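Numbering of the sequence shown is given in the numbering used here, commencing with residue 1 and proceeding in unit increments.
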Amino acid sequence: MTVITLDVPDEIATRLPEMKRDLPALLSLALALHEDRSQMQPSTGWHPAFTELLDFLAAGPTPAEIVAYKVSSQTQLRLETLLAKNREEGLTAVESAELDTYQQINHLFILLKARARQTLSTSN
Numbered sequence: 001m002t003v004i005t006l007d008v009p010d011e012i013a014t015r016l017p018e019m020k021r022d023l024p025a026l027l028s029l030a031l032a033l034h035e036d037r038s039q040m041q042p043s044t045g046w047h048p049a050f051t052e053l054l055d056f057l058a059a060g061p062t063p064a065e066i067v068a069y070k071v072s073s074q075t076q077l078r079l080e081t082l083l084a085k086n087r088e089e090g091l092t093a094v095e096s097a098e099l100d101t102y103q104q105i106n107h108l109f110i111l112l113k114a115r116a117r118q119t120l121s122t123s124n
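Structure below.
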């Protein structure tokens, strides 16, 4: 293991002794979160899949279009990559959080599509 020296503000320095054992993991997580910013939209800080969802909804889709909606191939590929990595070797904390984001979006779309189907069935 490599030893490093850091200059940190006093407020942080006072908290470090109690976290000494966890510092390598915390640093690893901080680095992963920093690297994950490339997956975020710079203007909003939102995950690209959320932006994709908002763009779709902002266009005012009909109930039939909502039922037929599928995420972009880029979003689908990223999701499949995360799922495969999760099965094969496990995910980092950042990747796990990203997968959670996809699950939240999927859950929202399940509810949205159910409501759209309900609207379609009552209008027929």
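Backbone N, C-alpha and C define an ideal beta-carbon position, used for all residues, glycine too.
If you're wondering where the values come from, they're calculated on a predicted model, not measured in any experiment.
Count the C-beta pairs between the segment 93-103 and the segment 72-83 that are closer than 8 angstroms, then say yes if the count reaches three, no if not.
yes
So, using beta-carbon positions, are Glu-89 and Val-71 closer together than 8 angstroms?
no
Where Ile-66 falls, given that 16 or more other Cβ within 10 Å makes a residue buried:
It counts as buried.
Work out the CA separation of Leu-120 and Leu-57 for me, nearest whole Å.
17 angstroms
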